[in-house]
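Numbering (this note's numbering), first residue to last: 2 to 338.
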Amino acid sequence: MLIDKLDRNLRDLRISVTDKCNLRCTYCMPAEIFGPGYAFLPKDQLLSFEEIEKLASVFAKAFGIQKFRLTGGEPLMRKDLPQLVEKLSSIPGVDDIAMTTNGILLPRYAKELKSAGLRRVSISLDSLDDELFGKINGRGIKVDQVLKGIDAAAEAGLKVKINMVVQKGVNDHHVIPMAKFFKEKGHALRFIEFMDVGNTNQWNMDTVYTKKDILRDIAEVLPFQPAPPNYPGEVAKRYVYEGSESEFGIISSVTDAFCSSCNRARLSAEGKLYTCLFSSAGHNLKEPLRAGKTDDELESIITGIWNARDDRYSETRDELKSSGTSRKKVEMSHIGG
Ligand code: SAM
Ligand code: SF4
Ligand code: SF4
2 MLIDKLDRNL
12 RDLRISVTDK
22 CNLRCTYCMP
32 AEIFGPGYAF
42 LPKDQLLSFE
52 EIEKLASVFA
62 KAFGIQKFRL
72 TGGEPLMRKD
82 LPQLVEKLSS
92 IPGVDDIAMT
102 TNGILLPRYA
112 KELKSAGLRR
122 VSISLDSLDD
132 ELFGKINGRG
142 IKVDQVLKGI
152 DAAAEAGLKV
162 KINMVVQKGV
172 NDHHVIPMAK
182 FFKEKGHALR
192 FIEFMDVGNT
202 NQWNMDTVYT
212 KKDILRDIAE
222 VLPFQPAPPN
232 YPGEVAKRYV
242 YEGSESEFGI
252 ISSVTDAFCS
262 SCNRARLSAE
272 GKLYTCLFSS
282 AGHNLKEPLR
292 AGKTDDELES
302 IITGIWNARD
312 DRYSETRDEL
322 KSSGTSRKKV
332 EMSHIGG
């Protein structure tokens, strides 16, 4: 089994297929920075579907990875994405393909994605209020456009979860309306603590609405019980509403870090492998791939990268911040959360 320096195995690969997005969420790709002059990756720098398939099959065959998650940027901005889903789902041993999306293009693609082998989608929505949501997504997109995507995914037979990034003073008062709405709809809602990913989102600890805050708010109106993880190393803590089968979860990467069980690798759209969401740099897999390295050679490159891994940023965030240490981090839109 592949083990890193802190004894963590590799279980899960997230594949970013584009650094472009049709939204400009203030916490991820603020419009002032990701404006008309921003240099997105040129097409020839992106891994082709065949290259992604080749790397994914090395991950599956050599390391037993059974689960891939497609992300971005906005993954549905990548042309013909269902073709990639089809390629990945035909890799022997792969039994779970998921995608994280803002949902806007799902009415167009949900059925095709499901037929291609996609099983699950996590759809991001931060408020049910049009004005606030329009401000957060930076493009004035209305809530209904995402709700239509959610319905299209469910109708196509995809398992649906909802992601809500909660920012203190921005949308913390929308925790309860969101919880009530998705409890009724029967889709698991995941509250995500606002993180200091990338270099542009003006994060500081005062902007984080914590797991404790969220649990306190929900407990006042909707009683719930903690539920066990679905599998070892699941990042969201799960809770089930009393008298209901609906659940919600909290991803508390800031106030309750889970680095000790972090078994994720992230492949960027340009073919760099990142061993942490907060890495400064990725390991270039596109170069050896394009140089014609064999599967065995790629396996040994990846083994070397994972064996040397000692990332635990979230567990050291406070020390780093209090010592004034800062470093450049990869942007979220490159590796997709
Ligand atoms: N565009 C897709 C979407 O929005 O779902 C996929 C990519 S997006 C980078 C993946 C997830 O990261 C989304 O659920 C988004 O809300 C979350 N995210 C982005 N920036 C974040 C931040 N600063 N803190 C916490 N979560 C963040
Ligand atoms: Fe785009 Fe997703 Fe980032 Fe929002 S969170 S800007 S939808 S990549
Ligand atoms: Fe994993 Fe890095 Fe997040 Fe820790 S900070 S949980 S090592 S991605």
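We treat Cβ as the ideally placed atom computed from N, Cα and C, and that holds for glycine.
From a predicted model like this one, the values you see are computed outputs, not experimental measurements.
Exposed unless 16 or more other CB atoms sit within 10 angstroms - verdict on residue i
i      : result
Gly250 : buried
Val222 : exposed
Tyr232 : exposed
Glu320 : exposed
Tyr28  : buried
Gly293 : exposed
Ser91  : exposed
Lys334 : A small fix is needed here, since residue 334 is Ser in this sequence, not Lys. Result: buried.
Gly65  : exposed
Arg282 : Per the sequence presented here, residue 282 reads as Ala, with Arg not at that position. Exposed, by the Cβ-count rule.
Tyr39  : exposed
Beta-carbon proximity list for residue i, same chain, < 6 Å, skipping 5 on both sides
i      : result
Gly158 : Lys115
Arg239 : Ala228, Glu248, Gly250
Ser280 : Val331
Arg313 : Cys260
Residue i - DSSP class collapsed to helix/strand/coil
i      : result
Asp214 : helix
Lys115 : helix
Asp319 : helix
Pro43  : coil
Glu52  : helix
Asn285 : strand
Phe192 : strand
Gly250 : strand
Val166 : strand
Thr304 : helix
Ser343 : It is not possible to answer for residue 343, since the shown part of the chain is limited to 2 through 338.
Cβ-based neighbour list, residue i, same chain, cut-off 8 Å, excluding 5 preceding and 5 following
i      : result
Asp311 : Asp5, Lys6, Leu7
Glu298 : Pro289
Of the residues the options, the one placed nearest residue i, counting alpha carbons only
i      : options                        : result
Glu288 : Gln84, Asp297, Leu48           : Leu48
Ala155 : Arg140, Arg318, His188, Met165 : His188
Gln46  : Tyr314, Gly272, Ser327, Asp296 : Gly272
Lys169 : Ala111, Thr211, Ile163         : Thr211
Leu119 : Asn138, Thr72, Asn308, Ile142  : Thr72
Lys184 : Gly244, Gln146, Gly199         : Gly244
Cys26  : Ile303, Phe195, Leu268, Thr256 : Phe195
Ser123 : Glu132, Arg140, Val166         : Val166
Leu274 : Lys112, Ala99, Arg79, Ala57    : Ala57
Trp1   : Arg291, Ser324, Leu268         : A query on residue 1 cannot be resolved here, the shown segment of the chain reaching from 2 to 338 and no further.
Phe41  : Asn200, Ala270, Lys21          : Lys21
Asp173 : Lys322, Val161, Phe192         : Phe192
Asp127 : Lys112, Arg121, Ala117, Lys143 : Lys143
Gln67  : Asn285, Leu299, Arg9, Leu14    : Leu14
Own chain, CB closer than 7 Å to residue i, minus 5 neighbours either side, in chain order
i      : result
Val236 : Ile252, Phe259
Lys88  : Phe50, Glu54
Gly141 : Gly135
Asp218 : Val176, Ile177
Whole-number beta carbon distance between residue j and residue i, since they are thought to touch under 8 Å
i      : j      : result
Pro108 : Lys149 : 5 Å
Arg70  : Asn264 : In fact, because the Cβ distance is near 13 Å, the residues do not count as touching under 8 Å.
Ser125 : Ile336 : Not confirmed; about 15 Å, so no contact.
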